[in-house]
Amino acid sequence: MPSENLRWETLEALKNSPKGKLNYSTDWVEKGEDLLAGCIEVSSLSPLSGQILKRLSPRPLLRTCSLTSCVRDTSPGLSEDAAAACGSLPISPRQISSPSSPPPVSIHAEEDEEKKVEQIKEAPVVCLSPDASVSSTPAISVLSPRATQMAGCIRMCEQKHKAKAKTELSLRQEQQERLVATVTNQESEQLKRFEELMELKQRKEYQSMRDMMEKETQESLGRQEKLREEHRHRTKILNLRLREMEQQRLREAELERQRQVEGRERHRAINAIQEEVLQLNQLLQPRPSTHTDPALDHAPYITRGNQLCSQVSEVVPASADGQFPSVEDLTVAERALQEMRSLVRGLQNEVAQAAERKKREQEEEEEEKKRQAELKAQQEEQKKNVVLSAKEKTKKEGLQTGADESTLKWYNALQDSANQCAQAFEDLGKAKDTQTKKLKMELQKAAATPVSQIANSSGSPLKEAFEKIDKLLSGRPVTSAGKTVTTSQHPQGLEFVRYRLAEKFVKQGEEEVASNHAAAFPIAAVASGIWELHPKIGDLILAHLHKKCPYAVPHYPQMESGMSVEDYQKILGYRVEDSKVEGQDSFLKRMSGMIRLYAAIIQMRWPYTGKQGPHPHGLNHGWRWLAQILNMEPIADTTATILFDFLEVCGNALMKQYRGQFWKLMLLINEEYFPRIEAVTSTGQMGSVTRLKQFLETSLRTKQISAPKNELGSAFFRS
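The numbering used here puts the first residue of the sequence shown at 360, with every later residue one more than the last.
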């Protein structure tokens, strides 16, 4: 703004003026010092002051004199104003030095004087105080009327300037007041706007706080509702858990009750076993009638019997402390009882043998040399009995059409034993409740799975399968398909496992060995080992084998009156389904597999057992089977097949066992029995006959029968 620019220029001019450079102190008044003491200067007139005064006043200039004389000699005609004006005019030293009249001034000089006067008007006026005039240097005093008039004019000019300055000052004050009023109004308006803005901000803050409080209230209500919902959900879960825990407690109580019942049963069983073991142990003690027999030593039996009694007694005290015996304890006691029974049977057999020997010795002493001669003749007759009997019967017009009486009696006894075993687990087989059915399936899997894994196995897998079967039959827990099962879980479990296990062994011969002849040896090794540890399994294996393959007896069943053709074919071993009989090739293949398995069993021993006793069903049964098959009329196609399979698998073992007698039997087959086979064989059934003929001719020519192809190696093969 213009006024503001003027204000700043005025302030800058005042700052640059001599007075603007004055020093000011607040303690000057207290000290009594003059405020303007530092700005007193010597007053002097300009050389052109005469011209200025001449132009201002028509009167002639007064004679000047020194300022000292002017001050000292005061004339009555000089007014105070003139004196003041005179004192205020500066006088140059040149004028002081030349008191003569001023030189003439030209027109140009006068114009210059006028300009200087104007400058003097604008220049600040310096007023000298009386004290300062006294102490200052001498100055010029104007005494003339013109000087007085000039002083008055100067005074008037100064007043005009003062009035003009006051007017301008008043105008500037008015401008400043208006400016201040404008600024005040603006500031008041701005203050109002600011207050309105602050009020709006407060309202907004209040509104936001209210919204926030409402939002928090809603959120709090939502959280409360969520907490109530969670509380209801947790309450529901807790109720469910309480019900589950109650059900679990009831189940556990039922299991505990059942466990106690089973534990008490095991306790009673262990007590009964201990009582029987102690009774059997008394039977091991020597009797007066046998004590004097030096050939019979009771010490090993007594020692082992005492060990078994101690073993059982170690189990009983653990159950007498309020705890029930475990299944393992019962198993240990049962095995101890079985071993004790075996010891008693062994001792009884030895006692019987000793008595027989003693009786024989007495008879030998009575008969002396005659008895010795008869015994020698009987020994020679036993060696040649089989060959001579077969040779004599072949000279007759015909052979037997069925098995002899003793063989049929043995066959029927085995079938009766198998039927009794099947009846023993009849309740388990016909069970309808889910738990018993599940146990039945688990036991069947545990029995069948290891047997299925035997084919073409050796080493660790074969031992593992054998151990699983042995554990299952011994009542120990076995893991099958991720589940643990024992035969003690059901009273009929052991009989069921025995029956199914024997059935599975025969089925492996019927299916696996029929298609893979080398599989007969690992299966036979495991079967003979299990047979040796668990004799009942052997009887069941023979019963199932004779039922599916009567030629393994050997037995040719006859058709009875009233019997249908289908039933008779089933007895002969054929499969009949929906009144359809299987083909001859399939039938011969199955019969061949079972005969090969039987021939392998009678010569195989389980190599990892510590027992060195006789084979439970050894080569003597193979010799008996071969002699009986030669005493029976051959059947077309069947006899040639089973005879070839049996000799191919078991011929090498029989050759090593019986030597010369075996070759006599082979010669009898080739010369007298083979023509009978050819006589009953038709043209379309010559395949098996041709194989048998080549085998007989090669064996008799080389006097050697090669060992069968046993993929397990010689470690498993014992002749």
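We put the CB at the ideal spot given by N, CA and C, even for glycine.
Beta-bridge analysis with DSSP links MET991 to GLN759.
The C-beta separation of ALA902 from LEU956 comes to about 15 Å, leaving the pair out of contact by the 8 Å criterion.
With a minimum length of 3 residues, the unbroken runs of beta strand (DSSP E) contained wholly in the segment 808–875 fall at 837–839 and 842–844. Here LYS939 is exposed. Its C-beta has fewer than 16 other C-beta atoms within 10 Å. With fewer than 16 other Cβ atoms from the protein chains shown falling within 10 Å of its own Cβ, TYR565 counts as exposed. The residue among CYS668, GLY705 and LEU798 with its C-alpha nearest the C-alpha of VAL837 is LEU798.
Within the DSSP secondary-structure output, GLU536 pairs in no beta bridge. For GLU589, same chain residues with a beta-carbon under 6 Å away, outside a window of 5 residues either side, do not exist. Assigned with DSSP and collapsed to three states, LYS374 falls in helix.
As the crow flies, the alpha-carbon of MET699 is around 7 Å from that of LEU639. For ALA877, no alpha helix (DSSP H) run applies, since DSSP gives it neither H nor E. Take GLN644, set aside five residues on each side of it, and the residues of its chain with a beta-carbon closer than 8 Å to its own are HIS657 and ILE661, in chain order.
Between the C-alpha atoms of ASN990 and LEU642 there is a straight-line separation of about 45 Å.
Three or more beta-carbon pairs drawn from the segment 853–870 and the segment 940–953 are found closer than 8 Å, and the two stretches are therefore classed as touching. Separation of ILE994 and SER765 (C-alpha to C-alpha, rounded to the nearest whole angstrom) is 22 Å.
Looking at the DSSP output, GLU936 bridges to LYS939.
For GLN779, the enclosing alpha helix (DSSP H) stretches over residues 764–783. Relative to MET1025, the option among ILE1036, LYS1062 and VAL675 whose CA is nearest is LYS1062. Counting C-beta atoms within 10 angstroms of its own C-beta, PHE553 has fewer than 16 neighbours from the protein chains shown and is therefore classed as exposed. Closest by C-alpha distance to THR1000, out of VAL935, ILE954, THR543 and SER376, is ILE954.
Under the Cβ criterion (8 Å, minimum of three pairs), the segment 928–935 does not count as touching the segment 884–893. LYS863 places its beta carbon less than 9 Å from that of ALA807. In this structure, DSSP gives MET922 a state outside helix and strand, which the three-state scheme calls coil. A Cβ-Cβ distance of about 14 Å is found for the pair VAL686 and ILE632, leaving them out of contact under the 8 Å criterion. Here the alpha carbons of ALA711 and LEU702 stand approximately 14 Å from one another.
By the Cβ test, the segment 762–781 is in contact with the segment 912–922, since at least three Cβ pairs between them sit closer than 8 Å. HIS974 is positioned such that its CB atom lies closer than 9 Å to that of ARG964. Pairing ALA861 with LEU821 gives a Cβ-Cβ distance that is not under 9 Å. In the DSSP annotation of this structure, the continuous segment of the alpha helix (DSSP H) that includes LEU1027 starts and ends at 1019–1027. With respect to GLN782, HIS905 sits apart: the two C-beta atoms are not nearer than 9 Å.
By the CB criterion at 9 Å, VAL865 and ALA805 fall outside the cutoff. Note that the C-beta distance between SER833 and GLU801 is not below 9 Å. For LYS789, the closest C-alpha among the options GLU603, GLY852 and PRO377 is that of GLY852. In this structure, the beta-carbon distance from PHE1005 to TRP984 falls below 9 Å. The beta carbon of ILE828 sits closer than 8 Å to those of ALA806, PRO809, VAL810, LEU860, VAL885 and ILE889, all from its chain and outside the five residues before and after it, given in chain order. A residue is called buried once 16 or more other Cβ atoms fall within 10 Å of its Cβ, and HIS592, having fewer, is exposed.
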